[in-house]
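From first to last, the protein sequence lines stand for chains A and B.
Each residue of the first sequence is one higher than the last, beginning at 7 in the numbering used here.
Each residue of the second sequence is one higher than the last, beginning at 7 in the numbering used here.
Number of protein chains: 2
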Amino acid sequence: MSTPLSTEPEALDSWTGKGGRVTRVVQKFGGSSVADAESIKRVARRIVETKKLGHDVVVVISAMGDTTDELLELAQQVSPQPPARELDMLLTAGERMSAALLAMAIADTGFHARSFTGSQAGVITTATHGNARIIDITPGRIVEALGDDNIVIVAGFQGVSQTTKDITTLGRGASDTTAVALAAALGAEWCEIYTDVDGVFTADPRIVGGARRIPEISYEEMLELAANGAKILHLRCVEYARRAGVQVHVRSSFSAKPGTWVMDSSLITEGPAMEAALITGVTHDRSEAKVTVVGVPDKIGEAARIFETVAFADINIDMIVQNVSVQDASTAISFTLPQSDGKVALDALRAVQGTIGFTDLLYDDQIGKVSIVGVGMRSHPGVSATFFTALANAGINIGMISTSEIRISVVVPAEQVDDAVRAAHTAFGLDGEGEAVVYGGTGR
Amino acid sequence: MSTPLSTEPEALDSWTGKGGRVTRVVQKFGGSSVADAESIKRVARRIVETKKLGHDVVVVISAMGDTTDELLELAQQVSPQPPARELDMLLTAGERMSAALLAMAIADTGFHARSFTGSQAGVITTATHGNARIIDITPGRIVEALGDDNIVIVAGFQGVSQTTKDITTLGRGASDTTAVALAAALGAEWCEIYTDVDGVFTADPRIVGGARRIPEISYEEMLELAANGAKILHLRCVEYARRAGVQVHVRSSFSAKPGTWVMDSSLITEGPAMEAALITGVTHDRSEAKVTVVGVPDKIGEAARIFETVAFADINIDMIVQNVSVQDASTAISFTLPQSDGKVALDALRAVQGTIGFTDLLYDDQIGKVSIVGVGMRSHPGVSATFFTALANAGINIGMISTSEIRISVVVPAEQVDDAVRAAHTAFGLDGEGEAVVYGGTGR
Numbered sequence: 007m008s009t010p011l012s013t014e015p016e017a018l019d020s021w022t023g024k025g026g027r028v029t030r031v032v033q034k035f036g037g038s039s040v041a042d043a044e045s046i047k048r049v050a051r052r053i054v055e056t057k058k059l060g061h062d063v064v065v066v067i068s069a070m071g072d073t074t075d076e077l078l079e080l081a082q083q084v085s086p087q088p089p090a091r092e093l094d095m096l097l098t099a100g101e102r103m104s105a106a107l108l109a110m111a112i113a114d115t116g117f118h119a120r121s122f123t124g125s126q127a128g129v130i131t132t133a134t135h136g137n138a139r140i141i142d143i144t145p146g147r148i149v150e151a152l153g154d155d156n157i158v159i160v161a162g163f164q165g166v167s168q169t170t171k172d173i174t175t176l177g178r179g180a181s182d183t184t185a186v187a188l189a190a191a192l193g194a195e196w197c198e199i200y201t202d203v204d205g206v207f208t209a210d211p212r213i214v215g216g217a218r219r220i221p222e223i224s225y226e227e228m229l230e231l232a233a234n235g236a237k238i239l240h241l242r243c244v245e246y247a248r249r250a251g252v253q254v255h256v257r258s259s260f261s262a263k264p265g266t267w268v269m270d271s272s273l274i275t276e277g278p279a280m281e282a283a284l285i286t287g288v289t290h291d292r293s294e295a296k297v298t299v300v301g302v303p304d305k306i307g308e309a310a311r312i313f314e315t316v317a318f319a320d321i322n323i324d325m326i327v328q329n330v331s332v333q334d335a336s337t338a339i340s341f342t343l344p345q346s347d348g349k350v351a352l353d354a355l356r357a358v359q360g361t362i363g364f365t366d367l368l369y370d371d372q373i374g375k376v377s378i379v380g381v382g383m384r385s386h387p388g389v390s391a392t393f394f395t396a397l398a399n400a401g402i403n404i405g406m407i408s409t410s411e412i413r414i415s416v417v418v419p420a421e422q423v424d425d426a427v428r429a430a431h432t433a434f435g436l437d438g439e440g441e442a443v444v445y446g447g448t449g450r
Numbered sequence: 007m008s009t010p011l012s013t014e015p016e017a018l019d020s021w022t023g024k025g026g027r028v029t030r031v032v033q034k035f036g037g038s039s040v041a042d043a044e045s046i047k048r049v050a051r052r053i054v055e056t057k058k059l060g061h062d063v064v065v066v067i068s069a070m071g072d073t074t075d076e077l078l079e080l081a082q083q084v085s086p087q088p089p090a091r092e093l094d095m096l097l098t099a100g101e102r103m104s105a106a107l108l109a110m111a112i113a114d115t116g117f118h119a120r121s122f123t124g125s126q127a128g129v130i131t132t133a134t135h136g137n138a139r140i141i142d143i144t145p146g147r148i149v150e151a152l153g154d155d156n157i158v159i160v161a162g163f164q165g166v167s168q169t170t171k172d173i174t175t176l177g178r179g180a181s182d183t184t185a186v187a188l189a190a191a192l193g194a195e196w197c198e199i200y201t202d203v204d205g206v207f208t209a210d211p212r213i214v215g216g217a218r219r220i221p222e223i224s225y226e227e228m229l230e231l232a233a234n235g236a237k238i239l240h241l242r243c244v245e246y247a248r249r250a251g252v253q254v255h256v257r258s259s260f261s262a263k264p265g266t267w268v269m270d271s272s273l274i275t276e277g278p279a280m281e282a283a284l285i286t287g288v289t290h291d292r293s294e295a296k297v298t299v300v301g302v303p304d305k306i307g308e309a310a311r312i313f314e315t316v317a318f319a320d321i322n323i324d325m326i327v328q329n330v331s332v333q334d335a336s337t338a339i340s341f342t343l344p345q346s347d348g349k350v351a352l353d354a355l356r357a358v359q360g361t362i363g364f365t366d367l368l369y370d371d372q373i374g375k376v377s378i379v380g381v382g383m384r385s386h387p388g389v390s391a392t393f394f395t396a397l398a399n400a401g402i403n404i405g406m407i408s409t410s411e412i413r414i415s416v417v418v419p420a421e422q423v424d425d426a427v428r429a430a431h432t433a434f435g436l437d438g439e440g441e442a443v444v445y446g447g448t449g450r
């Protein structure tokens, strides 16, 4: 896949002029972009602008505004435990409606448009209702419709099971993944994810006034950001993009400004900002809680039995710390997990307290996780020292620590999360004056 | 196909007991039966009752309450002339939602249920969006799901085009047709159409206090009633039932009372009521208007040019009367048509007034059509005399007359429609005391 082009018309002329090559672009718009008839018409005009530049355009669309939540509420009223197959049948009506309405709005501008369900678009998935994974895309009908000069609208979030032929959904927020998967299957030049913010920032701008837009970011860094609290792109979507080598442009649906390009690190433009950037961004996550198992007998296998118990309850554990007590040959084991799984985990552990023989269980949901992410830290061993010093100087207590090759995460008290984010952002020189300068020569 | 059974449990035992044959039944519920979560649960319980009797049950469902109108309104907000393909894509979401919700409600009672879209159910249609016709039913998935002991829920009103593979709709009210077509394809013993009235009546009970439920009616009579104002069954549905020999039971979704069986005339039970019944019912229609073309030159071909003009505007004409003037060798031609087509017809005729040379156009939408229908009139030549005498005695002016082998229709002033219906109902001895006695030995 080539480097993404500038969206400046003059740069595109060479691709779409006489004898030029027509590029394929996939655009994804979320539910808030199509909340009512007026927004749908606005999105339609935006899509048509891209078509006018000479691109083949495929659009992936989410359900309108709160449609999915309203349908879930209706399902609850009918049955407290609706079968997953039927829930998928119900929920997929949402994207079907927004896709058809968007096609109508585009047709009203004089351009041809055709909407397709996930099944019609050839989104083939596993049979796991509510959380299916894309196995394959067979985009024959899309290609045909593009050949007939249509703008193609695809209902996001949905597909059809390869084995049962039943309609499936890919999980909440998975329209991003649909878009990236289609971009890969169609050999699109890039995939644009339209959202309500201007791109990926060095930190949450609501916490850090000087947070700057990141013009380019590697898949690996984006994965770490997504996995550690940045809500802008779904983890699964970034994984898919990395595996398929799809370049993703995260940008605002309310402006024409460039956003953030997510791409292979080898393609990231060298520039003054790149030289200095040890850290690409600071992210935080308030959705976790900490469980501490106190007085675990210090014998081989006891820790394993604790984590087996939690894993059996289908809970994903994030960070783990084990402290050996010097006094009584017992240990305390702490781990973090999603707050929503807290009760289930505690119940499961209490049920085996007698067998394992630990003395107590502590639960703390007043915590937050702060992470710094950047490929630059690979070659700079002083990063963790800088991070911890900055936090210490800000008077912040560090509870737990975990690291990957390009990330350091710490658990801090919930009320100190904002201070920790600000301290790290400043310590690594990320603070800027408003919108960041766009580096490099591509105009992105 | 055999005579429909009684729905009395004792009568059904012989079919479903040990070694007995399992019968297939198709049930159709309209949008008002599933307007909210509570109604959906009520309908689910009703369906489960049939399943408990040992039947294989296939249910055809319409969109909830006003969903279709709300979706049409949304489409209008997005585009004044939405493409028909996209409108079908949008509207079919309605039945998809009600089908999934109904399947959930059934599952909640402990029975297995699976919903299918028209496309999944194998409803193959022509490609005429908004008014497609069923070409074929390939019910493989339905049969398989029935084999797995599921109650099958099929989204009505929709199918998939044989040629384009696009989603189609069959026109408003066409869920009845889906049900009858499925009953035919599945070899169902009968098809139950649940509605908000107790069946087909000898006249509109809101006009005639003594109107009685008709326990059995032939396809031909039902066709005439449907074509002449009775709104209880769609014309196309009755045509399909007659062609396929499907017995249709029209009954109330609010009671367990038997309704009206629509069936081949040879199967109708002989009984005292049958002996006397010259006329099966009286129906009326206030939706038509009358156009009179005045001063048409009395030359060969002029009338043809008038009707060619109207036909070219895609308008269906109902009744026609031509009066030759004795004074000036010109004629007046009157015809009736749907009021909704009035403006188009007048515009089309005015455009050719110079060419044809008529002198004036009159338009009257203050008319009503009253029809008497009955196979009995075939062998009783005095029927029209009885009808016209009754109308004359009631002081009613007859404007136009048209007849078929089993129907006589008259146009009367709008304000005299009720009087005309009552006069005809009484003249043919149809008045009863409340609910009609059920004749015959089958308990229907």
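Beta carbons: idealized from backbone N, C-alpha and C, even for Gly.
Query raised in the report: What does I46 (chain B) reach in chain A if we use C-beta pairs closer than 7 Å?
Result: V84
Query raised in the report: Is the beta carbon of K263 (chain A) sitting closer than 8 Å to the one on D204 (chain A)?
Result: yes
Query raised in the report: Does any CB atom of chain C fall closer than 8 Å to the CB of S167 (chain B)?
Result: In summary, chain C is missing from the structure at hand, where the protein chains are A and B.
Query raised in the report: Should K58 (chain B) go down as buried or exposed, given a rule of 16 or more other Cβ atoms within 10 Å for buried?
Result: exposed
Requested in this report: Determine the direct distance from the alpha carbon of D437 (chain B) to that of D424 (chain B), and round the result to whole angstroms.
Outcome: 15 Å
Report task. Check the Cβ-Cβ distances between R102 (chain A) and every residue of chain B, and say whether any is below 8 Å. Result -> yes
Requested in this report: Kindly indicate the opening and closing residues of the beta strand (DSSP E) around K296 (chain B).
Outcome: 294-303
Report task. Taking only the alpha-carbon atoms, compute the straight-line gap between T98 (chain B) and A50 (chain B) and give it to the nearest angstrom. Result -> 21 Å
Requested in this report: Would you list the one or two residues that DSSP bridges to Y200 (chain A)?
Outcome: A:F35, A:R257
Query - Same chain, Cβ closer than 8 Å to V316 (chain A), neighbours up to 5 away in sequence not counted - result: I323, F341, L343, A351, A354, L355
Query raised in the report: Hey, is S259 (chain A)'s beta-carbon within less than 8 Å of any beta-carbon in chain B?
Result: no
Requested in this report: Output the boundary residues of the beta strand (DSSP E) element that contains S224 (chain B).
Outcome: 222-224
Query raised in the report: What are the partner residues of R30 (chain A), as DSSP defines its beta bridges?
Result: A:D62
Query raised in the report: By a C-beta neighbour count over all protein chains shown, 10 Å radius and 16 as the cutoff for buried, is S261 (chain A) buried or exposed?
Result: exposed
Report task. Please list the partners that L80 (chain B) has in chain A, where partner means a Cβ-to-Cβ separation under 7 Å. Result -> A43, L107
Query raised in the report: Contact check, R292 (chain A) vs A420 (chain A) under 8 Å by CB: the rounded distance?
Result: 6 Å
Query raised in the report: Whose C-beta lies closer than 6 Å to the C-beta of C197 (chain A) among residues of the same chain, with five residues either side of it excluded?
Result: V32, A185, V186, A189, V252, V254
Query raised in the report: Would the region 370-383 of chain B and the region 227-236 of chain B be scored as touching if the rule is three or more Cβ pairs under 8 Å?
Result: yes
Requested in this report: Following the continuous alpha helix (DSSP H) through L80 (chain B), name the residue where it begins and the one where it ends.
Outcome: 73-84
**Report entry** Pairwise C-alpha distance: I112 (chain A) and A55 (chain A)
**Finding:** It should be noted that the sequence gives Glu, not Ala, for residue 55 (chain A). Spanning the two alpha carbons is a distance of roughly 11 Å.
Query raised in the report: Hey, does E76 (chain A) have any beta-carbon neighbour from chain B nearer than 8 Å?
Result: no
**Report entry** Local conformation of F393 (chain B) per DSSP, three classes
**Finding:** helix
**Report entry** Minimum C-alpha distance to T432 (chain A) - residue among A:V64, A:F318, A:A194, A:F394
**Finding:** A:F394
Requested in this report: Report back the beta-carbon spacing between G100 (chain B) and L77 (chain B) to the nearest angstrom; my notes put them in contact at under 8 Å.
Outcome: 6 Å
Query raised in the report: Can A185 (chain B) be considered in contact with the ligand NAD, in the sense that its beta carbon sits closer than 7 Å to one or more heavy atoms?
Result: This structure lacks the ligand NAD, and indeed carries no ligand of any kind.
Query raised in the report: Which residues bound the alpha helix (DSSP H) around V423 (chain B)?
Result: 423-433
Requested in this report: Return no unless some Cβ of chain A is closer than 8 Å to the Cβ of D370 (chain B).
Outcome: no
Query raised in the report: Skipping 5 residues on each side, what residues in its chain have a beta carbon closer than 8 Å to that of E281 (chain A)?
Result: The predicted model places E281 (chain A) with a pLDDT of 47, which falls under 50 and marks its position as unreliable; any figure quoted below should be read in that light. Cβ within range, chain order: n/a, list empty.
Query raised in the report: Does DSSP put V49 (chain A) in a helix, in a strand, or in coil?
Result: helix
Query raised in the report: Which residues share a DSSP beta bridge with I130 (chain A)?
Result: A:D142, A:V166
**Report entry** Backbone secondary structure at K375 (chain B) - three-state DSSP
**Finding:** strand
Requested in this report: Measure how close the beta-carbons of R91 (chain B) and H135 (chain B) come, nearest whole angstrom, since I'm counting them as under 8 Å.
Outcome: 5 Å
Query raised in the report: Got a sec, what are the start and stop residues for the beta strand (DSSP E) A119 (chain B) sits in?
Result: 119-122
Query raised in the report: Of the residues A:A194, A:A191, A:L192, A:M228, which one's Cα is nearest the Cα of F207 (chain A)?
Result: A:M228
Query - Buried or exposed by the 16-neighbour rule on C-beta atoms within 10 Å, applied to E222 (chain A) - result: buried
Query raised in the report: Looking only at C-alpha atoms, which of B:Q328, B:A310, B:K47, B:D304 sits nearest to D334 (chain B)?
Result: B:D304
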